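Notes to accompany the following structure.
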Amino acid sequence: MPEIHEHELLPFQYDFDLTDYNTFGFASIAERFVRLHQPAQVPALCRRCRKEKWPLLILGGGSNLVLADRIPGVVARMEIPGRQVVGEDGDIVKVKVAAGESWADTVEWALAENLFGMENLALIPGTVGAAPVQNIGAYGMEFQDTVGFVEVYDQLEERFTCLSKEECAFGYRDSLFKSGEPGRYIITAVEFHLSRKPRLRLGYASLEKECRELAGGREITPHHLYEAVCRLRRARLPETFTYGNAGSFFKNPVVSVARFKELAAKYPQLVAFPDKDGYKLAAGWLIEQCGWKGRRWKQVGVYEKQALVLINCGGGHRAQIEELAAAIQKSVWEKFGVTLEPEPRFYP
């Protein structure tokens, strides 16, 4: 078999325009850009970056990123493809999905294969490889609820390995990959444990209502749940071709039971949900009460249908989003005494 040289594995492009590679649509230029189509490229890329002392950004769908005008070093877009059933254990089906696959397409594919458990996470933008980093979640479910293990390349030990759910240290919009040891691991695949039997999660009143309407008096199925989630997401989130955005911009803050009772006494309409650590407050409601919904800030703004979504109105850039986010955080703190934390990653 002929030897593959590094320049063939890593065909760099220079001064690459990332405007279409981040869902905010911010103009950003990568000093070097490369597409990762196979796992063998990953060790070669890491060796080269270490040798040249280049910073490395692994890019998925660019849906949870706020990019600077210029990105030094290397931006590597994860495009490794593949989905396959790798085992079964009773009603549980083990499915390995490569990191470059679309998350939304994977959820749709699983449903078409009658593999259940991912329906609540329908239509979330981004790639499968990016999902563990943020432990993405929606409508009472998180990524960690269906994962078996995550396949990674360990840059420290220079080898491929698999990390269990416990080793990934998943938390609310958090994981080992985000705050434990950021940058050490490059995710190349995920093994999901899905079910042949429906696993309906209808913990949100709006979701259950939508499901019942779709079912029309019949038994609610995973297909109804999937369609209900898609409808709700489309109603509250703008299409990125209309307004650039990163989905929900702030995490829902978690407060103690005592603090929740104080706030609820003062604000009877407070929207909150029980959480294992207390109560999770609806960040969108807090922002809306501060008068931000539908407001514009230079070339960026707050979406008129959902105050939790910050948008690029056209020609916006990172500094403007940072200014807007800081102003919103200040307002919420001054009115409610609650700190809002951004969800997207700011890079670099």
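Residue numbers (the numbering used here): 19 to 366. For each residue, glycine too, the CB sits at the ideal point set by N, CA and C. Because the structure is a prediction, the values reported are computed rather than measured.
Where residue i falls: helix, strand or coil (DSSP)
i, result
"residue 287", "coil"
"residue 244", "helix"
"residue 353", "helix"
"residue 69", "helix"
"residue 75", "strand"
"residue 314", "strand"
"residue 138", "helix"
"residue 324", "coil"
"residue 255", "coil"
"residue 42", "coil"
"residue 336", "helix"
"residue 348", "helix"
"residue 236", "coil"
"residue 343", "helix"
"residue 296", "strand"
"residue 31", "strand"
"residue 304", "helix"
"residue 54", "strand"
"residue 267", "coil"
"residue 49", "strand"
"residue 61", "helix"
"residue 279", "helix"
"residue 330", "strand"
"residue 319", "strand"
"residue 20", "At residue 20, the pLDDT of 40 sits below 50, so the modelled position is not reliable; the number obtained from the coordinates is stated separately. Coil."
Minimum C-alpha distance to residue i - residue among the options
i, options, result
"residue 262", "307, 80 and 164", "80"
"residue 58", "36, 86 and 28", "28"
"residue 60", "96, 106, 89 and 90", "96"
"residue 127", "212, 192, 198 and 78", "212"
"residue 92", "123, 98, 355 and 53", "53"
"residue 357", "264, 348 and 364", "348"
"residue 283", "354, 238 and 240", "354"
"residue 319", "123, 295, 294 and 346", "346"
"residue 105", "74, 154 and 166", "166"
"residue 210", "102, 295 and 270", "102"
"residue 72", "191, 89 and 325", "89"
"residue 208", "181, 239 and 218", "181"
"residue 254", "327, 287 and 313", "327"
"residue 431", "305, 278 and 315", "Since the first residue of the chain shown is 19 and the last is 366, residue 431 is not available in this structure."
"residue 192", "148, 223 and 122", "148"
"residue 315", "289, 343, 296 and 306", "343"
"residue 222", "26, 290, 304 and 133", "290"
"residue 258", "339, 108 and 329", "329"
Buried or exposed (CB count within 10 angstroms, at least 16 for buried), residue i
i, result
"residue 119", "buried"
"residue 157", "buried"
"residue 66", "buried"
"residue 308", "buried"
"residue 228", "buried"
"residue 206", "buried"
"residue 171", "buried"
"residue 323", "exposed"
"residue 244", "buried"
"residue 260", "exposed"
"residue 364", "exposed"
"residue 174", "exposed"
"residue 215", "exposed"
"residue 325", "buried"
"residue 152", "buried"
"residue 168", "buried"
"residue 78", "buried"
"residue 275", "exposed"
"residue 135", "buried"
"residue 144", "buried"
"residue 68", "exposed"
"residue 321", "buried"
"residue 177", "exposed"
Interface flag, residue i vs chain C, CB-CB below 8 Å
i, result
"residue 153", "This model lacks chain C altogether, as it is built from one protein chain only."
Check: residue i C-beta below 7 Å from any heavy atom of the ligand NAP
i, result
"residue 341", "This structure simply doesn't include the ligand NAP, nor any ligand for that matter."
Let me know the beta strand (DSSP E) ranges lying completely inside the segment 141-227, each 3 residues or longer, listed in chain order.
-> 165-172, 177-182 and 203-213
Taking contact to mean at least 3 C-beta pairs separated by less than 8 Å, is the segment 184-203 in contact with the segment 113-121?
-> no
Inspect the CB distances between the segment 319-339 and the segment 30-46 and report whether three or more fall short of 8 Å.
-> yes
Would you check if the segment 35-43 and the segment 84-98 touch, i.e. whether three or more CB-CB distances between them fall below 8 Å?
-> yes
Can we say the segment 242-260 touches the segment 180-193, given the rule of at least three CB pairs closer than 8 Å?
-> no
Segments of 4+ residues assigned as alpha helix (DSSP H) that fall wholly inside the segment 74-135 = 121-130
Inter-stretch contact at 8 Å, needing at least 3 Cβ pairs: the segment 158-176 / the segment 135-146 | yes
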